[in-house]
DNA sequence: CCTGCTTGATACCTTTAAGGTATTGCCAAT
DNA sequence: ATTGGCAATACCTTAAAGGTATCAAGCAGG
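Residue numbers (this note's numbering), protein chains in the order written: chain A, 1 to 301; chain B, 1001 to 1301.
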């Protein structure tokens, strides 16, 4: 049995006349007659009663007509859905985000992607950097968002933005009134750092900045992420250096003040990472959205 | 797109290796490679990622695999169901019965057919003789049960049984004690006859019998069917001649007594009728059941 | 680092089967 | 009895599926 035969059968059933159906199918009458005969032979069922005016469906033929229509529509659907999946318009995309990374950039990107590709189901996973890399290699996720990535041979990354550093201060502290804080002013002050876990990390950037400025750093506490760090500032544990994008977070008694007098490379990147040899259309579509977001960000600045 | 290609695709997806799949399909590897390429070209979607160890499905391919399995199983089902319909094991059979014909013979036959062909949906219609013939010609029904048929050019019939005549009597009537009633004893007695409507009919048989025996008949009432006639006997309206198979009907105060001293042709047939050129497997199956029933009936007698 | 093995891809030929033209046979309406 | 419309048949042409031989690429073992 053949899809062509099914199509032919439906045409004949609808026209109730082989010659007319042949015209509709842009073939001549004899081959159509033969195809119908073949179909009947194969099924061992008479599908049509031949009359003087044409043909008419037997009861078995009537049943087969319904089934045939179902088959054809299922095939059509399958083609369309597969094509959409091939263009990345349909499917499931597993995305990893890091602890406090759910601030504004990532939700924005996800929102854009969701509106551009409404057929794609986005599944979020909270993962640390190391977990993301393992999950990428095992294909449990397709993209991860992260910061400060060491280059890896099998993993590519796209930088989305670079955050400058800011200082989280309690608003009753004397420095809280200044428009800009110099690193020197934080010498020996208690500093909360984050995150715990795999290096290189935001901690390393902060230490490097202190070191290069020749300022001694007094780490009062190491916590898991920016949110916890800022919470500790609010609790009076000292200062906390954060990437500027984390400053959207509002906590009672906490002010964010830009850090001045730093070298240009004193920034943290936000990047998304993915397997180098993942050529899935879903990933490409997602990266396209990321790039579009990035270029809009640059045009604003 | 082609069912063959879908089958090939599923095999390759399952084996994750074109060569192995080719072996499974009893073809050589190159044509299989080409068919997969063609399928990908047509869908404009890459279905497989070619690796060193074989091939692996892309996400679009994964989706298409699911759809393909659905399509194949639907096709299989369609073939099987159509074949069953072709053998008369599946479908719908519209059957007409006459007013009081729902006694024991017809339910028996229908019950047998139902157990032999459980996939067939029997739809009953109450129809007079004339209605049955019109409905047969319009193909609204496939079989009708009836009595005393005049032969028609386009309609065939099968006689199921021949009923002798019986008399329905009130049990307080003097004749009710006799084991056999002679027609002479009914002379001038009030007789209820049925049915109303198209001739030739059961009435005609009854009148003929009286006439041939030289007995004058006194029709007290003409009613629609046997059930009504017997009800009138119960109400004291007189006697009623009925086909013996109607004697299964029990009404208060009514006895059935055989009619004696009649010629052999004083019988009513129960027949089923159908279009001469209806060769549907459903009808053949039904008629086969009818014949089987008939021959069992004859063996008993 | 090279060699051999496995895998899919290509080139070219053979065979199967689908499509076309011409014609026949059948039934029905005139 | 005749004609018109329909499906079926016979015979040929063409397209496409399958086969054999061979190639190119990637990985494993020496």
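Glycine is no exception: its CB is placed at the ideal position from the N, C-alpha and C atoms.
Original post:
DSSP state of residue 282 (chain A), grouped into three classes?
Top reply: It is helical.
Subject >> Distance CB(residue 223 (chain A))-CB(residue 168 (chain A)) smaller than 8 Å >> reply: Not a contact, by the Cβ cut-off of 8 Å.
Subject >> Proximity test, Cβ basis, 8 Å: residue 68 (chain A) and chain B >> reply: Interface flag for residue 68 (chain A) against chain B is set, since a Cβ pair is found closer than 8 Å.
Original post:
Does the Cβ-Cβ distance between residue 243 (chain A) and residue 297 (chain A) come in under 8 Å?
Top reply: Cβ atoms of residue 243 (chain A) and residue 297 (chain A): not closer than 8 Å.
Subject >> Buried or exposed (CB count within 10 angstroms, at least 16 for buried), residue 58 (chain A) >> reply: Around the CB of residue 58 (chain A), 16 or more other CB atoms lie within 10 Å, so the residue is classed as buried.
**OP:** Starting from residue 81 (chain A), find everything on chain B with Cβ-Cβ shorter than 7 Å and list it in chain order.
**Re:** Those are 1063, 1067, listed as they occur along chain B.
**OP:** Confirm, please, whether the CB-CB distance from residue 260 (chain A) to residue 189 (chain A) is below 8 Å.
**Re:** 8 Å or more divides the Cβ of residue 189 (chain A) from the Cβ of residue 260 (chain A).
Original post:
Looking at residue 128 (chain A) and residue 226 (chain A), is the spacing between their C-beta atoms short of 8 Å?
Top reply: Cβ atoms of residue 226 (chain A) and residue 128 (chain A): not closer than 8 Å.
Subject >> Members of the stretch 267 to 280 of chain A near chain B, C-beta cut-off 7 Å >> reply: Flagged, chain order: 280.
Subject >> Whole runs of the alpha helix (DSSP H) within the stretch 117 to 163 of chain A, excluding any shorter than 4 residues >> reply: Complete alpha helix (DSSP H) runs here, min 4: 129 to 137.
**OP:** Could you tell me if the beta carbon of residue 1191 (chain B) falls within a distance shorter than 7 Å of some heavy atom in the ligand MG?
**Re:** No copy of the ligand MG occurs in the structure displayed, which carries no ligand at all.
Original post:
Thinking just about the alpha-carbon of each residue, which of A:124, A:137, A:85 is nearest to the one in residue 97 (chain A)?
Top reply: Relative to residue 97 (chain A), the option among A:124, A:137, A:85 whose CA is nearest is A:124.
Original post:
The beta strand (DSSP E) with residue 1268 (chain B) in it runs from where to where?
Top reply: Taken as a continuous stretch (DSSP letters only), the beta strand (DSSP E) holding residue 1268 (chain B) covers 1268 to 1275.
**OP:** Give the straight-line distance between the Cα atoms of residue 1177 (chain B) and residue 1091 (chain B), rounded to the nearest whole angstrom.
**Re:** The straight-line gap from Cα to Cα measures roughly 51 Å.
Subject >> Nearest-angstrom Cα separation, counted from residue 220 (chain A) out to residue 203 (chain A) >> reply: Between residue 203 (chain A) and residue 220 (chain A), the C-alpha separation is close to 13 Å.
Original post:
CB residue 275 (chain A) to CB residue 136 (chain A), shorter than 8 Å?
Top reply: The Cβ-Cβ distance between residue 275 (chain A) and residue 136 (chain A) falls below 8 Å.
Subject >> At least three beta-carbon pairs within less than 8 Å, the stretch 73 to 87 of chain A to the stretch 1042 to 1052 of chain B >> reply: Yes, since at least three Cβ pairs between the stretch 73 to 87 of chain A and the stretch 1042 to 1052 of chain B fall closer than 8 Å, the two stretches touch.
Original post:
What does DSSP give as the partner residues of residue 1096 (chain B) in its beta bridges?
Top reply: Note: residue 1096 (chain B) sits in a beta bridge opposite B:1125, B:1144.
Original post:
Between which two residues does the alpha helix (DSSP H) carrying residue 86 (chain A) extend?
Top reply: Its alpha helix (DSSP H) spans residues 59 to 86.
**OP:** Can you say whether residue 193 (chain A) is buried or exposed, counting buried as having 16 or more other CB atoms within 10 angstroms of its CB?
**Re:** Residue burial annotation: residue 193 (chain A) is buried, with at least 16 other C-beta atoms found within 10 angstroms of its C-beta.
**OP:** Give the single residue among B:1031, B:1051, B:1257, B:1273 whose Cα lies nearest to the Cα of residue 1174 (chain B).
**Re:** It is B:1257.
**OP:** List the DSSP bridge partners of residue 218 (chain A).
**Re:** Per DSSP, A:190.
Subject >> C-alpha gap between residue 187 (chain A) and residue 181 (chain A), whole angstroms >> reply: If you take the alpha carbons of residue 187 (chain A) and residue 181 (chain A), they lie about 12 Å apart.
Original post:
Going by the CB atoms, is the gap between residue 1290 (chain B) and residue 1109 (chain B) shorter than 8 Å?
Top reply: Residue 1109 (chain B) places its beta carbon less than 8 Å from that of residue 1290 (chain B).
Subject >> Cβ of residue 1116 (chain B) within 8 Å of any chain A Cβ >> reply: Cβ-Cβ to chain A under 8 Å: no for residue 1116 (chain B).
Subject >> Bridge-paired residues (DSSP) for residue 255 (chain A) >> reply: Residue 255 (chain A) pairs with A:169.
Original post:
Of all the CB atoms in chain A, is at least one closer than 8 Å to the CB of residue 1046 (chain B)?
Top reply: It does; some Cβ of chain A falls within 8 Å.
Original post:
At least one CB of chain A closer than 8 Å to the CB of residue 1282 (chain B): is that the case?
Top reply: Answer yes: the Cβ-Cβ gap between residue 1282 (chain B) and chain A drops below 8 Å somewhere.
Original post:
Residues bridged to residue 243 (chain A) by DSSP?
Top reply: Note: residue 243 (chain A) is bridge-paired with A:165 in the DSSP secondary-structure output.
**OP:** If I'm right that residue 1269 (chain B) touches residue 1148 (chain B) with Cβ under 8 Å, what's the distance once you round it to whole angstroms?
**Re:** Contact between residue 1269 (chain B) and residue 1148 (chain B) holds, since their C-beta atoms are separated by about 7 Å, short of 8 Å.
**OP:** Name, please, each residue of chain B whose Cβ falls closer than 7 Å to the Cβ of residue 97 (chain A).
**Re:** Simply none; closest approach about 21 Å.
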